[in-house]
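*Asks:* Questions regarding the structure given below will be posed in turn.
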Amino acid sequence: MASDYDATIKDWQAQRIAHLTAEDGWLNVIGRFWLEDGTSTVGSSDDNDIVLSAGPARLGSITQDQAGVTFQPEEAGAAPVVLKIDPANPPRFALGSLRLEVTTMDGRNALRVRDVDAPERVNFPGLPYFPTDPNWRKLADWVKLDQPIQMDVDTVAGIPTTVSITRKAVFTHDGVTYELLPTHGTTAKPQFVLRDLTSKSETYGASRFLYGADLTNDTIVLDFNKAFNPPCAFTVHAVCPLPPPENILPIRIEAGEQRPKGH
352 MASDYDATIK
362 DWQAQRIAHL
372 TAEDGWLNVI
382 GRFWLEDGTS
392 TVGSSDDNDI
402 VLSAGPARLG
412 SITQDQAGVT
422 FQPEEAGAAP
432 VVLKIDPANP
442 PRFALGSLRL
452 EVTTMDGRNA
462 LRVRDVDAPE
472 RVNFPGLPYF
482 PTDPNWRKLA
492 DWVKLDQPIQ
502 MDVDTVAGIP
512 TTVSITRKAV
522 FTHDGVTYEL
532 LPTHGTTAKP
542 QFVLRDLTSK
552 SETYGASRFL
562 YGADLTNDTI
572 VLDFNKAFNP
582 PCAFTVHAVC
592 PLPPPENILP
602 IRIEAGEQRP
612 KGH
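If you read the sequence shown in the numbering used here, its first letter stands for residue 352, the second for the next number, and so on.
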């Protein structure tokens with residue numbers, strides 16, 4: 352049984368690496384720029400309004416107005432790219448090795464740029480992990496709150512977001528009971544943002560993420576062997592939520608991903 356569980360965790364780790372190193376993974380983000388109304392030029396030349404660290408000197412221009420967001424490539428005769436803003440599914444398009452997308456947060460749009468040839472992606476050394484420990488796979492109580500909690504969750508960029516919480520996960524470790532609040536994710540796939548005593552020394556200091564699994568009306572599985580680093584552990588251009596005080600645990604969770612190499 353233990354070997355089957357080890358294989359399951361190794362498969363999860365392989366999928367995680369594949370996701371990180373994909374073209375839309377977090378290893379190749381080279382910039383994120385808030386958009387203002389009007390037209391801004393984009394390219395690697397210093398005289399652009401939005402200066403990139405890679406790509407051609409003149410990539411094109413991006414316009415935000417009441418009609419939406421449009422990108423006009425620099426190439427002669429190129430048709431404009433009209434971007435339909437969708438916070439849940441950011442519009443994106445490719446120009447050479449660059450991947451451009453418009454993200455939305457608290458009603459503001461930002462241009463996020465990826466370079467598929469970024470050294471951080473091409474030369475990614477992988478991730479260190481704690482040894483797999485089945486004891487850190489917890490069958491927790493999935494407790495419905497008497498009243499939903501409206502909570503402001505801060506981010507590493509200092510941009511708070513308001514979330515509604517209707518349940519909490521309650522688990523035990525070494526005979527002590529702990530609770531976690533799901534501040535993100537979906538009803539079917541709640542996401543927990545947490546911090547523990549391994550933070551800063553062995554794991555990423557701000558937080559780690561964990562998705563709940565195998566939900567029933569009364570239980571949820573918290574497999575801390577699948578705790579993973581947030582995007583901001585890999586790039587300064589990500590805006591990651593911070594854990595609420597309730598999710599800062601006074602124990603060492605020696606399971607899951609450790610701090611990325613070289614971080």
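C-beta atoms are modelled at their ideal positions from N, C-alpha and C, and glycine is treated no differently.
Going by beta carbon distance, what residues of the same chain come within less than 8 Å of Gly-419, once the five residues before and after it are set aside?
*Replies:* Counting only Cβ-Cβ distances below 8 Å, and skipping sequence neighbours, we find Val-433, Leu-434, Lys-435 and Ile-436.
*Asks:* How would you call Arg-459, buried or exposed, if buried means at least 16 neighbouring beta carbons within 10 angstroms?
*Replies:* Its Cβ having fewer than 16 others within 10 Å, Arg-459 is exposed.
*Asks:* Taking the alpha helix (DSSP H) that Arg-472 belongs to, which residues open and close that run?
*Replies:* Start and end: 470 to 473.
*Asks:* Is Glu-530 helix, strand or coil by DSSP?
*Replies:* In this structure, Glu-530 counts as strand in the three-state DSSP scheme.
*Asks:* Thinking Arg-409 and Gly-394 are a contact (beta carbons under 8 Å), I'd like their distance in whole angstroms, please.
*Replies:* 4 Å between Cβ atoms; contact.
*Asks:* Can you grab the Cα-Cα spacing for the pair Ala-606 / Asp-416, in whole Å?
*Replies:* Using only the alpha carbons, I get a separation of about 47 Å.
*Asks:* Should Leu-496 go down as buried or exposed, given a rule of 16 or more other Cβ atoms within 10 Å for buried?
*Replies:* Leu-496 comes out exposed.
*Asks:* Thinking just about the alpha-carbon of each residue, which of Gly-526, Phe-522, Pro-581 and Pro-499 is nearest to the one in Val-507?
*Replies:* The candidate whose alpha carbon is nearest that of Val-507 is Pro-581.
*Asks:* Could you tell me if Glu-426 is buried or exposed, where buried requires 16 or more neighbouring beta carbons within 10 angstroms of its beta carbon?
*Replies:* The residue is exposed, with fewer than 16 neighbouring Cβ atoms inside 10 Å.
*Asks:* From which residue to which residue does the beta strand (DSSP E) around Tyr-562 run?
*Replies:* Per DSSP, Tyr-562 belongs to the beta strand (DSSP E) from 559 to 562.
*Asks:* Provide the residue(s) that pair with His-370 in DSSP beta bridges, ordered along the chain.
*Replies:* DSSP, once it has assigned bridges, lists no residue as partnering His-370.
*Asks:* Measuring alpha carbon to alpha carbon, tell me which of Tyr-356, Thr-421, Pro-595 and Arg-367 ends up nearest Pro-479.
*Replies:* Ranking Tyr-356, Thr-421, Pro-595 and Arg-367 by Cα distance to Pro-479 puts Arg-367 first.
*Asks:* Spatial neighbours of Val-514 within its chain, please: CB distance less than 6 Å, with the 5 preceding and 5 following residues excluded, ordered by chain position.
*Replies:* Closer than 6 Å at the Cβ level, and outside the excluded window around Val-514, lie Met-502, Val-504 and Thr-534.
*Asks:* Check whether the Cβ atoms of Leu-371 and Phe-475 sit closer than 9 Å, and answer yes or no.
*Replies:* Against a cut-off of 9 Å, the Cβ pair of Phe-475 and Leu-371 comes out as a contact.
*Asks:* So the candidates are Asp-468, Ala-373 and Phe-560; which of them puts its Cα closest to the Cα of Pro-592?
*Replies:* Nearest of Asp-468, Ala-373 and Phe-560 to Pro-592, Cα basis: Phe-560.
*Asks:* In terms of alpha-carbon separation, which member of Thr-554, Arg-472 and Tyr-356 lies closest to Thr-586?
*Replies:* Nearest C-alpha to Thr-586: Arg-472.
*Asks:* Please list, in chain order, all residues of the same chain as Ile-401 whose beta carbon is under 6 Å from its beta carbon, the five residues on each side excluded.
*Replies:* Here the set comprises Phe-384, Ser-391 and Val-393.
*Asks:* Determine the direct distance from the alpha carbon of Thr-554 to that of Gln-609, and round the result to whole angstroms.
*Replies:* Approximately 4 Å, taken between the alpha carbons.
*Asks:* By alpha-carbon positions, which one of Asp-375, Leu-446 and Ala-520 ends up nearest to Leu-566?
*Replies:* Looking at the Cα atoms, Ala-520 is the closest of the given residues.
*Asks:* What first and last residue would you give for the beta strand (DSSP E) that runs through Val-393?
*Replies:* Val-393 -> beta strand (DSSP E) spans 389 to 394.
*Asks:* Just to confirm, is the Cβ distance from Ile-327 to Val-453 under 9 Å?
*Replies:* No answer is possible for residue 327: it lies beyond the span of the chain, which begins at 352 and ends at 614.
*Asks:* Cα-Cα, which of Leu-462, Asp-457 and Leu-403 is closest to Thr-414?
*Replies:* Measuring from the Cα of Thr-414, the nearest candidate turns out to be Leu-462.
*Asks:* Per DSSP, what are the beta-bridge partners of Ile-599 in this structure?
*Replies:* In the DSSP output, where bridge partners are listed per residue, Ile-599 has Arg-546.
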